[in-house]
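Written below as structure tokens is the structure these notes are about.
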Amino acid sequence: MRPHNPERRRLTIFPTVHGGRSELTCLYRCGDACNHPVPNTSDNEYLGDVIAKAVSRRGLIKGGVTATIVAGAAGAAATPAFAADADDAVELGKRGSRPRGLDFEAVAPNREDAVVTAEGFEQQIVIRWGDPVLEGAPEFDPEHQTPESQAGQFGYNNDYTALLDHPDDSRKKVLVCNHEYTTESSMLPGYDEAAPTEDQIRIGMAAHGLSVVTVKEDRRTGALTPVVGDELNRRITAETPFVISGPAAGSDLLKTSADPEGTTALGTLNNCAGGTTPWGTILSGEENFNQYFANFATMTDAEQKAKLARYGFSGGASARKWEQYDPRFDLEQEPNEPNRFGWIVELDPYDPDWTPRKRTALGRFKHEGAGPRLSDDGHVVVYMGDDERFDYMYKFVSKNKMKHGSGRSAREHNRKLLDEGTLYVAKFTGDSPAAEIDGSGALPADGAFDGSGEWIKLASGDTSYVEGFTAEEVYVFTRQAADQVGATKMDRPEDVEPSPKTGKVYVALTNNTQRGTSGKAAADEANPRNSNKHGQVLELVEDDDDPRSLTFGWNLLLVCGDPAAADTYFGGFPKDQVSPISCPDNVAFDPYGNLWISTDGNALGSNDGLFAVALEGSHRGETKQFLSVPIGAETCGPVAQAKHILVAVQHPGELDGADYDNRLSNWPDGGTSLPRPAVVNVTTPRFGNIGC
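So the sequence shown is numbered by the working numbering: it starts at 15 and just counts up by one.
Next up, the structure:
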């Protein structure tokens with residue numbers, strides 16, 4: 015399959031990287047977090063300590079909440095934990111019968127400046143940074159960009175992506191993307207990072223947020239074409255009003271001089287992954303918001319500084335210098351403003367008049383995303399990860415039940431569900447002796463990295479379950495509350511998504527090169543490698559298959575990296591038959607129950623990509639690369655539908671030394687063009703089912 019760029023330019027640049035990322039990406043995306051101290055300095059138990067205590071009661075553990083774990087023989091081909099039941103094994107247990115959805119030849123690792131798909135598939139650019147979205151928005155002109163034009167155009171660095179049914183027209187779809195961050199030095203001509211102009215700053219603000227775009231679907235080819243100016247189209251930016259809702263709304267901790275009521279925030283920042291609720295709204299996670307604020311170093315209130323430090327605040331001027339033109343981003347002037355970021359936001363793509371919400375009941379931390387699931391009796395449960403080294407996994411369980419139907423009453427009811435409920439944090443226990451987890455990644459004697467866990471209550475409504483914290487403090491300073499109750503420190507829990515088919519929850523733990531270094535936690539059963547640069551994927555099963563349960567079992571589905579290396583594991587599947595995968599980031603599911611994983615910061619030396627993984631039967635753990643993204647880019651927001659595979663290609667060409675004039679990628683337009691983040695749609699030539 016030929017890529018979109020007909021020149022198919024091959025680059026041989028191998029930049030200086032932080033893991034698999036360039037220093038440029040680290041600076042603009044997360045404020046260079048990996049070169050700053052780990053914010054979590056709490057002394058709550060590490061999982062390795064918990065494991066040691068648990069060994070004496072292994073018999074109780076194995077007979078109790080983890081009774082569903084299937085123990086296997088030692089070795090790479092051991093029977094995996096949580097294997098398919100006997101009936102499924104009979105049906106799926108033939109190695110020769112490939113799972114539905116995985117019938118394609120894997121893409122080889124590469125360094126192409128192109129999207130390279132599996133052979134036999136077609137690709138199409140749906141929408142790029144700067145393409146018009148709203149009526150009257152001009153065509154993209156990077157030499158004459160203005161804040162007003164950007165506010166009507168598709169934003170920068172598209173991340174989470176959803177492709178929804180259109181409410182009125184079966185020939186159309188609704189595409190929703192969020193926009194994580196901006197790289198002004200690559201976006202704007204004449205950009206001086208020491209002295210940006212106000213227009214340049216406002217362009218950056220307008221390129222953040224979310225985009226809602228109606229697209230036409232060609233029923234012959236599957237091509238998706240934006241409908242500019244459609245009544246559902248919408249741009250949310252860093253200056254769009256949001257309602258602060260839920261139990262912390264109106265708290266003194268959220269009040270500012272511009273908003274003395276503490277109920278209205280302007281804008282959303284650093285949106286990463288997300289989720290789609292059962293009632294059709296979009297959830298999006300505010301992640302590395304700390305980097306946008308200035309003058310932490312000169313703050314004089316020691317208590318406020320300590321609270322901000324736990325969220326990674328440091329230093330003087332910010333990288334983007336927004337504080338020069340907007341006092342919201344100056345901590346000396348508005349010390350509460352950062353408390354208004356770090357939330358899950360909810361957007362209704364079908365109602366342009368509905369003001370988006372910041373849902374305080376779901377806690378404040380560096381949200382990667384939010385994965386919803388309904389319990390059998392209709393309560394909504396949302397799973398979340400805090401994307402920081404040695405931080406935690408959370409879930410929220412709604413107080414009220416979802417109403418079915420599309421009428422006004424049901425919609426109004428459901429759009430309030432995330433304001434009332436209980437917030438929990440996860441504590442994991444391994445079931446192997448600590449001596450068997452030596453940091454090398456070698457499987458323990460029982461043949462699986464697995465164990466049990468519990469969900470610890472943090473707050474519900476106005477009630478705090480954390481000693482020394484009010485409920486408002488739990489919601490606003492959720493990290494500190496989780497420290498207090500002894501949550502388990504993990505290796506950057508990013509996307510956390512439940513399978514629509516089985517209800518099992520999958521967690522992308524991207525990496526943690528500080529695991530096992532001096533003064534930091536050593537390897538444990540859920541994070542089994544020291545200096546972990548490739549990450550792992552964890553599978554969690556709620557007891558009684560009830561997402562409201564307070565206990566769960568878990569195992570590692572994948573321990574990522576080079577399959578030829580001894581420290582990798584692929585669910586028990588033969589390692590000589592899988593694609594190498596590094597740094598799992600976002601996850602999604604296809605209609606057949608397969609897991610699709612996008613990567614961020616591939617530390618194996620090749621471009622990031624999208625991978626499909628079988629989860630059941632004898633093919634469990636089979637991992638196949640479906641596509642790769644251009645040089646310097648990250649694979650984001652995968653959508654895995656029967657006839658569409660969508661990826662958001664983020665920061666193409668973002669290599670060290672790149673800027674507006676020195677273009678190290680020309681994707682997607684080719685020639686000498688400016689690299690532009692974009693959404694790619696992959697289909698079969700006759701718009702049939704993918705991978706079947």
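Each residue gets a CB set at the ideal place from its N, CA and C atoms; glycine is no exception. Only a predicted model underlies this, so the values are computations on that prediction, with no experimental measurement involved.
A distance below 7 Å between beta-carbons, with the five flanking residues on each side excluded, links E468 to the following residues of its chain, in chain order: K441, L564, T565. With contacts defined as CB atoms closer than 8 Å, L116 and A628 qualify as a contacting pair.
N676 counts as exposed, since fewer than 16 other C-beta atoms from the protein chains shown sit within 10 angstroms of its C-beta. Per DSSP, reduced to three states, the secondary structure at K441 is strand. Counting C-beta atoms within 10 angstroms of its own C-beta, H418 has fewer than 16 neighbours from the protein chains shown and is therefore classed as exposed. Inter-residue distance for V121 and F625 is about 9 Å (C-alpha atoms, whole angstroms).
Taking all protein chains shown into account, T582 has 16 or more neighbouring C-beta atoms within 10 Å of its C-beta and is therefore buried. Sequence-distant partners of V601 (beyond 5 residues in either direction) whose C-beta falls short of 7 Å from its own C-beta, in its chain, are D509, E511, Y520, A522, L609, W610, I611.
When DSSP states are grouped into helix, strand and coil, K186 belongs to the strand group. With 16 or more other CB atoms across the displayed protein chains lying within 10 angstroms of its CB, T291 is buried. Note that the C-beta distance between L283 and A320 is not below 8 Å. In the same chain as G667, and ignoring 5 residues on each side of it, the C-beta atoms closer than 8 Å to its own belong to D127, S200, P644, I645, G646, A647, R677, L678, S679, N680, W681, P689, in chain order. In this chain, the alpha helix (DSSP H) harbouring N428 covers 422-428. Put simply, the region 256-265 does not touch the region 222-236. Fewer than three CB pairs are less than 8 Å apart. A Cβ-Cβ contact shorter than 8 Å links T697 with F135. Assigned with DSSP and collapsed to three states, F491 falls in coil, not helix or strand.
The region 387-404 and the region 303-312 do not touch, with fewer than 3 CB-CB distances between them shorter than 8 Å. In its chain, beyond the 5 residues on either side, P181 have a beta carbon closer than 6 Å to the beta carbon of Y364. Beta-bridge analysis with DSSP links S474 to T436, T477. For Q639, the enclosing beta strand (DSSP E) begins and ends at 637-642.
By the neighbour-count criterion, in which 16 or more other beta carbons inside 10 Å mark a residue as buried, E337 falls on the buried side. Counting C-beta pairs with one atom in each stretch, the region 536-549 and the region 438-457 have three or more that are closer than 8 Å, which means they touch. Close CB contacts of N350 within its chain, under the 7 Å cut and outside five residues either way in sequence, are with L267, L268, K269, T270 (chain order).
Note on geometry: alpha-carbon atoms of E450 and E300 lie some 38 Å from one another. Counted as a single uninterrupted DSSP element, the alpha helix (DSSP H) harbouring A320 occupies residues 316-323. Between V551 and L177, the C-beta gap is not smaller than 8 Å, which leaves the two residues out of contact. By the Cβ-count criterion, T613 is buried, with 16 or more other Cβ atoms from all chains shown falling within 10 Å of its own Cβ. Contact check for E194 against N285 passes: the beta carbons are separated by less than 8 Å. In the three-state DSSP reduction, K415 falls in the strand class (E or B). Look at the beta carbons and you see the region 476-491 not touching the region 423-432: under three pairs across the two are nearer than 8 Å. With contacts defined by Cβ atoms closer than 8 Å, N546 and D505 form a contacting pair. Residue burial is scored here from C-beta neighbours: D244 has at least 16 other C-beta atoms within 10 angstroms and is therefore classed as buried. CA-to-CA, the gap between S332 and P386 works out to about 34 Å. DSSP places S454 within a strand segment (E or B) once states are collapsed to three. Residue pairing for M504: DSSP places it in a beta bridge opposite D405. In the DSSP annotation of this structure, the continuous segment of the alpha helix (DSSP H) that includes Q164 starts and ends at 161-165.
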